[in-house]
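Oh and the sequence shown: position 56 is 56 in UniProt numbering, straight run, nothing missing.
Every residue, glycine too, gets a C-beta built ideally from N, C-alpha and C.
Quick caveat: nothing in here was measured; it's all calculated off a predicted structure.
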Amino acid sequence: MVYYRSVGTISRHRHTVLRDAGGALHFEELMGEEGFSSDSSLLYHRHIPSAIVGARTWELPDHSLVANEPLLPRHLRLHDLTHDDPAHTDAVRGRRLLLGNDDVRLYYVVATVDSPLYRNAIGDECVYVESGSAIVETVFGSLEVRAEQYIVIPRATTHRWRVVGSEPLRLFAVEANSHIGPPRRYLSAAGQLLEHSPYCERDLRGPTEPLLVDGTDVEVYIKHRGAAGITGTVHVVPHHPFDVVGWDGCLYPFVFALEDFMPITGKLHQPPPVHQVFEGHNFVICNFLPRKVDYHPLSVPVPYYHSNVDSDEVMFYVGGNYEARKGSGIGIGSISLHPGGHAHGPQPGAIEASLGKDYFDESGIMVDTFRPLLLGEAARAADDGVYPSSWSGGRWIDDV
């Protein structure tokens, strides 16, 4: 993260004794990145955080990946995906794998019930709330999230999702094999967001008070690395993990709302990096939001055709009417995958239709990866099967 927080009760000096009113000792836990060499926070527990009294295997849902062969752009209709038991699907165990590679995995879930306690031991998570509301309870405290907000959860943070209200919770989850944070080009040497950044520290909402929950023999679901790739384990711990009386540091979960992102615009069409909001190892996350567009009298507001030489591009369409994709069948709840090696751009007629416009009412979440993305079971189930021919008027040769 980019700035320091202190929440609850902590000792005057780190690694010194902290006791409760009755004289009982609290136990420090240092959550730190990169082997004590990067951001960290120091948490003070009522109980020993290492204690385990049981364990079993967590059988994860289908995580198989297949190559995008033959190489094709894809249109995935996420709102057509169903769950085996919609009335009992939670935000953790119900995730269906869309796309993935060795750096990042993209999931979609429609949750209707609270999740179990969960910890991702592989990497950070950046979860976008498409619709619905939730309270995300963590060892650092609680955070309310709603539609059109991200929550970034650091690796190994124990947390759970609690659905608020009757509306299902639709989530687009980006699970990294690394850490996720603001783009480095927007940070000073000391980690402050710079003046040319499209957002600042005021826009990032972290926990403000401890969350203390009692309980014994509590289950925690853990996603971690295994001999054959991603695997799962359930730990039974003797005391509830939400026993942290205070913490301080620069590593914690935070919420960021789309409405607090200030789009960068220009006289001519601006390239995707100006829309970047977060980055991880070998991938970036961008927002394309309602904005004024190019003001040169001869400008073409929609993107030019472009080849993704070094990346695969994923766009999740979450609001408005995306100008460049009009006529393709893409709408709210769609994902487009434009793989490296295929030039893509506006649909036929979109350039002409955009000329003279000075404002786009569109919202999209983009993930660009720098290694090819493979197709998960959810992508294979949601593929519309016709998108590749959308630039050629539906013409397709089946016997090539």
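Counted within 10 angstroms of its Cβ, other Cβ atoms place residue i as buried (16 or more) or exposed
| i | result |
| --- | --- |
| P297 | exposed |
| A134 | buried |
| P253 | buried |
| D368 | buried |
| D39 | buried |
| A379 | buried |
| Y295 | exposed |
| Y3 | exposed |
| V213 | exposed |
| T82 | exposed |
| L30 | exposed |
Beta-carbon spacing of residue i, residue j below 7 Å
| i | j | result |
| --- | --- | --- |
| L60 | G206 | no |
| F283 | D103 | yes |
| P168 | V244 | no |
| G251 | P182 | For the record, residue 251 in the displayed sequence is Leu; it is not Gly. No, the Cβ-Cβ distance between L251 and P182 is not below 7 Å. |
| I285 | P198 | no |
| S64 | W247 | no |
| R96 | Y108 | yes |
| Y221 | W58 | yes |
| S336 | M315 | yes |
| I351 | V302 | yes |
| V293 | F242 | no |
| V174 | L375 | no |
| Y387 | P73 | yes |
| V236 | D217 | yes |
| R291 | N101 | no |
| V318 | E130 | yes |
| A91 | L171 | yes |
Limits of the unbroken alpha helix (DSSP H) element including residue i
| i | result |
| --- | --- |
| A382 | E377 to A382 |
| I153 | Careful: I153 lies outside any alpha helix (DSSP H), inside the beta strand (DSSP E) at Q149 to I153. |
| E352 | A350 to S354 |
Residue i - containing beta strand (DSSP E), residue span
| i | result |
| --- | --- |
| I330 | Segment: none, I330 is in no beta strand (DSSP E) and carries neither H nor E. |
| L143 | G141 to R146 |
| N177 | Looking at the DSSP string, N177 is not in any beta strand (DSSP E), and its letter there is neither H nor E. |
| Q276 | Q276 to G280 |
| A121 | Counting along the chain, A121 falls outside any beta strand (DSSP E), and DSSP gives it neither H nor E. |
| C286 | F283 to F288 |
| S131 | E125 to S131 |
| A111 | V104 to A111 |
Chain C within 7 Å of residue i, Cβ atoms only
| i | result |
| --- | --- |
| L18 | The structure shown contains no chain C; it holds only a single protein chain. |
Measuring CB atoms only, is the region 347-357 touching the region 321-338, in the sense that at least three cross pairs come out at less than 8 Å? yes
Contained beta strand (DSSP E) runs [length at least 3] in the region 188-243, N- to C-terminal order: 216-226 and 229-239
Go through the region 16-96 residue by residue and report every complete run of the beta strand (DSSP E) that reaches 3 residues or more, in order. 27-32, 40-45, 54-58 and 74-77
Counting Cβ pairs closer than 8 Å, one from the region 15-24 and one from the region 179-194, do we hit at least three? Not touching, per the Cβ criterion.
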